[in-house]
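All remarks here apply to the structure that follows.
Protein chains in written order, with the numbering used here: chain X, 25 to 139; chain U, -16 to 99.
This is the structure:
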């Protein structure tokens, strides 16, 4: 079964600092990779996704992620965080593109940005 | 586009009663919807996959008689927590696969259930 690891459980940064959140998955086949964000009191929103092609994926709000197949990683980055980026971030993996394919979530990383 | 709603957003019920939570895809038809449970400060745990017109597929360890799922139409799935107990208190989130976007899942805002 596939699994997803997020090594940083809680990250505290000052505004303008750079961010990198780690995500590793365990599945040898073709995967679809996602990063979701959950702002306080709000529902899960998609930040970005990787299906195929360019391994450097750009998402909303200045976020990007790089798929490194050899490392089974899909780390999330942002060069300069803002206070409004305070949220919980989840990495997720899906094996296929069929309707019944399940998302497997990592444990999440709680980011707090100090103004 | 691709909006998913849940109702109610919050519900408080007494121990032993049943609660129904609705999940609707507002602007697309979803053959598959998913139900998750999220404990405080934890990740989303998939409870079951809801397939329109057929029985739901439950994850290991999820009691199908306790968490009844019905997916009667392409835009509506319901989760009924039967004979609720305080340990069922949690945040329940649904998602729906959008078929024109490789079944990418779109999430509802969640329902916070508190059982007293």
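Quick reminder that beta carbons are idealized off the backbone N, C-alpha and C, glycines included.
Spatial neighbours of residue 69 (chain X) in its own chain (CB-CB distance under 6 Å, excluding positions within 5 residues in sequence) are listed in chain order as 61. Comparing alpha-carbon positions, the option among U:59, U:53, U:98 and U:68 lying closest to residue 10 (chain U) turns out to be U:59. CA-to-CA, the gap between residue 13 (chain U) and residue 63 (chain U) works out to about 19 Å. Residues of chain U whose Cβ lies closer than 8 Å to the Cβ of residue 131 (chain X) are, in chain order, 25 and 26. For residue 87 (chain U), the uninterrupted beta strand (DSSP E) run begins and ends at 87 to 90, by DSSP. As computed with DSSP, residue 111 (chain X) is found in a beta bridge with X:135. Our two residues, residue 50 (chain U) and residue 21 (chain U), have alpha carbons roughly 15 Å apart in a direct line. Among the residues facing chain U, residue 98 (chain X) is not included, as its CB has no counterpart in that chain under 9 Å away. Taking C-beta atoms as the reference points, residue 89 (chain U) and residue 19 (chain U) fail to come closer than 9 Å. Among the CB atoms of chain X, none fall inside 9 Å of the CB of residue 68 (chain U). Judged by DSSP in its simplified three-state form, residue 83 (chain U) adopts helix.
Following the DSSP letters along the chain, one finds residue 36 (chain X) inside the beta strand (DSSP E) bounded by residues 34 to 38.
In this structure, residue 136 (chain X) sits away from residue 67 (chain X), with a CB-CB distance that is not shorter than 9 Å. For the segment 28 to 47 of chain U, the set of positions with a beta-carbon nearer than 9 Å to some beta-carbon of chain X reads 28, 29, 32, 34, 40 and 42 in chain order. Inclusion of residue 87 (chain X) and residue 49 (chain X) in the CB contact set at 9 Å is not warranted, their separation being larger than that value. Within the same chain, Cβ atoms closer than 6 Å to the Cβ of residue 33 (chain U) are found at 16, 39, 52, 54 and 60, the five residues on either side in sequence being excluded. Residue 44 (chain X) is classed as exposed because its beta carbon has fewer than 16 other beta carbons within 10 Å across all chains shown. In the three-state DSSP reduction, residue 93 (chain X) falls in the helix class (H, G or I). Exclusion of the five residues before and after residue 138 (chain X) leaves 36, 37, 38, 39 and 107 as the residues of its chain whose Cβ lies within less than 8 Å of its Cβ. By the Cβ-count criterion, residue 74 (chain X) is buried, with 16 or more other Cβ atoms from all chains shown falling within 10 Å of its own Cβ. In the DSSP secondary-structure assignment, residue 24 (chain U) is not bridged to any residue. In the assembly as shown, residue 43 (chain U) is an exposed residue. Its beta-carbon has fewer than 16 other beta-carbons within 10 Å.
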